[in-house]
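In this note's numbering, the protein residues as written are 185 to 661.
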């Protein structure tokens with residue numbers, strides 16, 4: 185599969201083949217190696233030929249055609265040109281996508297590369313072939329990524345946690361670091377940095393690994409901030425369907441499916457990891473025992489912290505979390521800020537009133553409403569903990585509006601296809617009354633209430649900042 189996708193993987197495959205052929209083994213063994221490769225390539229080449237008319241077709245070449253969205257792929261060699269020092273810095277050190285930021289243990293790579301180069305030039309070593317292969321692949325992928333494209337969309341790997349284009353080199357980086365001299369120092373560094381790396385990856389995968397570009401420091405602003413508030417599995421857009429798997433997300437973890445609350449949904453995973461670390465204890469060396477202790481401390485902190493934050497900010501008024509939604513048969517307003525029409529006079533019918541965790545209506549949910557046309561009105565309060573400029577808005581198929589603190593902020597009215605309108609408003613710390621209105625005139629419907637807090641991306645307003653009743657002592661100024 186990898187060989188069918190990108191040029192770097194093909195180059196890596198050639199290097200691995202040369203490494204295999206360089207081994208001092210009988211000719212017969214090398215023949216078996218080549219035969220196995222050929223057996224694997226025949227289906228690949230057949231598929232490429234049938235699907236694209238070229239056995240060596242590269243999918244990225246489609247972007248080189250006129251009118252394509254990602255125009256940088258038409259520059260250089262499918263988007264790859266000479267390496268750039270600023271891009272190399274960004275893929276290694278930047279807070280947005282830096283490898284050393286999201287995987288701190290890899291900070292040993294420069295020392296490992298220099299040590300490997302010294303061994304290759306000055307000494308005989310049993311692992312010279314392995315060092316040469318690993319160093320070549322590592323340098324190749326770093327130079328490739330440093331020359332790929334002209335923006336974070338390309339060299340940053342798009343909406344990814346780190347620079348994903350260098351992922352194929354990481355197993356070989358591990359080998360370089362593993363063969364470093366000064367093992368006591370290396371072990372000490374790895375014991376300290378590996379649990380941190382594991383923690384960052386846990387935060388990313390449990391919250392939202394598809395990182396929007398708006399974040400200057402995704403580790404602190406996206407992963408950490410959401411995780412400590414118990415917001416996990418935040419994906420709002422699916423690959424094949426946008427239907428919700430939880431109250432507000434198309435993504436989920438297995439614990440959520442069996443009813444565990446968000447802030448406790450990783451408990452089974454923590455218990456599994458803890459059991460593994462404890463069971464491995466008798467078979468490990470002293471360095472691993474220190475690693476185990478630090479890992480258990482990290483697990484404990486990550487497990488307890490969301491519960492502590494929940495106690496501080498959420499539990500006090502948890503029963504009133506969400507908004508009160510009224511479903512009405514018919515179109516209830518002519519304009520977005522007028523009062524609700526008298527149902528008895530206008531022939532409207534209130535179908536139901538219920539509490540919803542947030543304002544998120546997918547097309548599938550809209551089809552379950554037993555009325556067309558229909559109107560929805562959500563009422564409640566928005567809690568703001570961080571003062572600053574907020575972008576608030578609606579994304580709807582047909583008309584919608586947002587009234588906050590008595591003022592019509594967003595007017596996304598009229599019968600139309602899905603359209604998003606965002607407005608900027610400064611919000612002080614406190615609680616704001618909000619009313620959200622939506623009507624669906626015909627066929628498919630969809631509605632989301634969105635915001636972008638300071639240093640954040642646009643996303644659906646989460647349930648833990650919405651309240652049915654006004655919390656005490658939360659006036660805004």
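Heads up, the beta-carbon is just placed ideally off N, CA and C, and yes, glycines get one too.
Given the structure is predicted, the values throughout are model-derived calculations rather than measurements.
Query raised in the report: According to the neighbour-count rule (16 or more other Cβ atoms, all chains shown, within 10 Å of its Cβ), is residue 360 buried or exposed?
Result: With 16 or more other Cβ atoms within 10 Å, it is buried.
Query raised in the report: For the putative contact between residue 580 and residue 630, defined by C-beta atoms under 8 angstroms, what is the C-beta separation to the nearest angstrom?
Result: Here residue 580 really is in contact with residue 630; their C-beta atoms are around 6 angstroms apart, less than 8 angstroms.
Query - Supposed close pair residue 578, residue 566 - CB separation, criterion 8 angstroms - result: Going by Cβ atoms, the distance from residue 578 to residue 566 rounds to 14 angstroms, so no, they are not a contact pair.
Query raised in the report: Under the DSSP definition of a beta bridge, which residues are partnered with residue 505?
Result: DSSP output for residue 505 lists 651 as bridge partner(s).
Query raised in the report: Is residue 413 helix, strand or coil when you go by DSSP?
Result: Coil at residue 413, not helix or strand.
**Report entry** Whole-angstrom C-beta distance between residue 283 and residue 292, which should lie under 8 angstroms
**Finding:** That belief does not hold up - the Cβ atoms of residue 292 and residue 283 are roughly 12 angstroms apart, past 8 angstroms.
**Report entry** Residue of 377, 333, 356 and 539 minimising C-alpha distance to residue 262
**Finding:** The shortest C-alpha separation from residue 262 is found at 333.
Query - For residue 548, the three-state DSSP class (helix, strand or coil) - result: Note: residue 548 maps to helix in three-state DSSP.
Query - Cβ-based neighbour list, residue 199, same chain, cut-off 8 angstroms, excluding 5 preceding and 5 following - result: Excluding positions up to five away in sequence, the list reads 317, 320, 321 and 324.
**Report entry** Sequence-distant residues of the same chain with beta carbon closer than 8 angstroms to residue 514, five excluded per side
**Finding:** Taking residue 514 as the centre and dropping the five residues before and after it, the same chain places the C-beta of 530, 531, 532, 533, 555, 557, 558 and 559 closer than 8 angstroms to its C-beta, in chain order.
Query - For residue 511: DSSP bridge partner residues - result: Paired residues: 536 and 560.
Requested in this report: Starting from the Cα of residue 508, find the closest Cα among 647, 446 and 637 and give me that residue.
Outcome: Nearest to residue 508 by alpha-carbon distance, out of 647, 446 and 637, is 647.
Report task. Confirm, please, whether the CB-CB distance from residue 381 to residue 289 is below 7 angstroms. Result -> Cβ atoms of residue 289 and residue 381: closer than 7 angstroms.
Query raised in the report: In terms of residues, what are the limits of the alpha helix (DSSP H) holding residue 231?
Result: From DSSP, the alpha helix (DSSP H) with residue 231 extends over 211–236.
Report task. Assess, as a yes-or-no matter, whether the region 383–391 is touched by the region 405–420 under the definition of 3 or more beta carbon pairs within less than 8 angstroms. Result -> Output reads yes: the region 383–391 touches the region 405–420.
**Report entry** Boundaries of the alpha helix (DSSP H) in which residue 369 is found, first to last residue
**Finding:** DSSP places residue 369 inside the alpha helix (DSSP H), whose first and last residues are 367–390.
Query raised in the report: What are the boundary residues of the beta strand (DSSP E) that residue 635 is part of?
Result: Where residue 635 is concerned, the enclosing beta strand (DSSP E) stretches over 630–636.
Requested in this report: Put residue 350 into one of helix, strand or coil per three-state DSSP.
Outcome: Here residue 350 carries a helix assignment [DSSP, helix/strand/coil].
Report task. Report yes or no: do the region 357–375 and the region 294–309 share at least 3 C-beta pairs separated by less than 8 angstroms? Result -> Segments in contact, yes.
Report task. Just the C-alpha distance for residue 299 and residue 357, rounded to the nearest angstrom, thanks. Result -> Approximately 13 angstroms between the Cα atoms of the pair.
Query - From 411, 375 and 376, residue whose alpha carbon lies closest to that of residue 392 - result: Selected option, being the one with the closest Cα: 411.
Query raised in the report: With distances taken from CA atoms, which of 232, 205 and 209 is nearest residue 221?
Result: With distances taken between CA atoms, residue 221 lies nearest to 205 out of 232, 205 and 209.
Requested in this report: Tell me whether residue 621 is buried or exposed, calling it buried when 16 or more other Cβ atoms sit within 10 Å of its Cβ.
Outcome: Buried, by the Cβ-count rule.
Requested in this report: Express the C-alpha separation of residue 301 and residue 315 in angstroms, rounding to a whole number.
Outcome: So the alpha carbons of these two residues sit roughly 8 angstroms apart.
Report task. Could you tell me whether the region 412–419 touches the region 442–458, where touching means 3 or more Cβ pairs closer than 8 angstroms? Result -> The region 412–419 makes contact with the region 442–458; the number of CB pairs closer than 8 angstroms reaches 3 or more.
Query raised in the report: Could you give the residue range of the beta strand (DSSP E) that holds residue 579?
Result: Taken as a continuous stretch (DSSP letters only), the beta strand (DSSP E) holding residue 579 covers 572–581.
Query raised in the report: Under three-state DSSP, which class holds residue 343?
Result: Correct three-state label for residue 343: coil.
Query raised in the report: Are the beta-carbon atoms of residue 337 and residue 286 separated by less than 7 angstroms?
Result: Not a contact, by the Cβ cut-off of 7 angstroms.
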